[in-house]
Amino acid sequence: MTAKDQFAAHVGLDWADKKQYTCVQFKNGDRIFHMIEHTPETLDIWLNELHQRAKGRIAIAVELKKGPVVYALQKYPFVTVFQYTLCHWPATDMLSGPVVRKMIRRHWLITNQDQTSDKANS
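According to full-length UniProt numbering, the sequence shown is numbered sequentially starting from 1.
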């Protein structure tokens, strides 16, 4: 399995007090946006529906290191949580989700390509 294929979907999640905005990109390039209400039940429904559609592991990037949403996401065996800081970007809800998703996808691919080439050179 290549680094690119490990995740069936990459998600940028901008978590706020009342509404959460997400940008999801699937392996085939399809991209969707969601607004999620701030409840554990809504998060659970959204994640399980996303998992059924993606049919595989999901990478989720959030700007938080810890907190209720990070802990909630970590309970799903099909989710890998990445923390990302957008210190050089303006914080606008509709922008943050796509930006975080794009950054984590690029960062993860670069990191894993480096690890793959390190193994090949060993």
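Backbone N, C-alpha and C fix where the C-beta goes; we use that ideal spot for every residue, glycine too. Just so we're clear, the structure is a prediction, and the values are computed from it rather than from any experiment.
For residue j and residue i, the rounded distance between their alpha carbons
i	j	result
P77	K19	24 Å
I36	D44	10 Å
K27	L47	17 Å
D118	H51	A caution first: D118 carries a pLDDT of 37, below 50, which makes its placement in the model unreliable, though a value can still be read off. So the alpha carbons of these two residues sit roughly 31 Å apart.
E63	E49	23 Å
Y21	W15	7 Å
G56	A8	5 Å
R53	T39	21 Å
V11	I58	7 Å
Q74	Y84	16 Å
Residue(s) in a DSSP beta bridge with residue i
i	result
K19	E37
A9	F26 and I58
7 Å Cβ shell around residue i - same chain, five flanking residues per side excluded
i	result
K66	none
A120	Note that A120 has pLDDT 40, beneath the 50 cutoff, so the model's placement of it is unreliable and no number is given.
Residues of its chain near residue i, where Cβ-Cβ distance is below 6 Å and the 5 sequence neighbours each way are ignored
i	result
L13	T22, I60 and V62
V24	A9, V11 and I32
Cβ neighbours of residue i in the same chain (closer than 8 Å, five flanking residues each side left out)
i	result
D17	H38
T80	F7, R57, I58, A59 and I60
T42	I36
Should the stretch 21-33 be called in touch with the stretch 68-87, which here means at least 3 C-beta pairs below 8 Å?
Result no; under three Cβ-Cβ pairs closer than 8 Å.
Which runs of the alpha helix (DSSP H), 4 residues or longer, sit entirely within the stretch 21-99?
40-54 and 68-73
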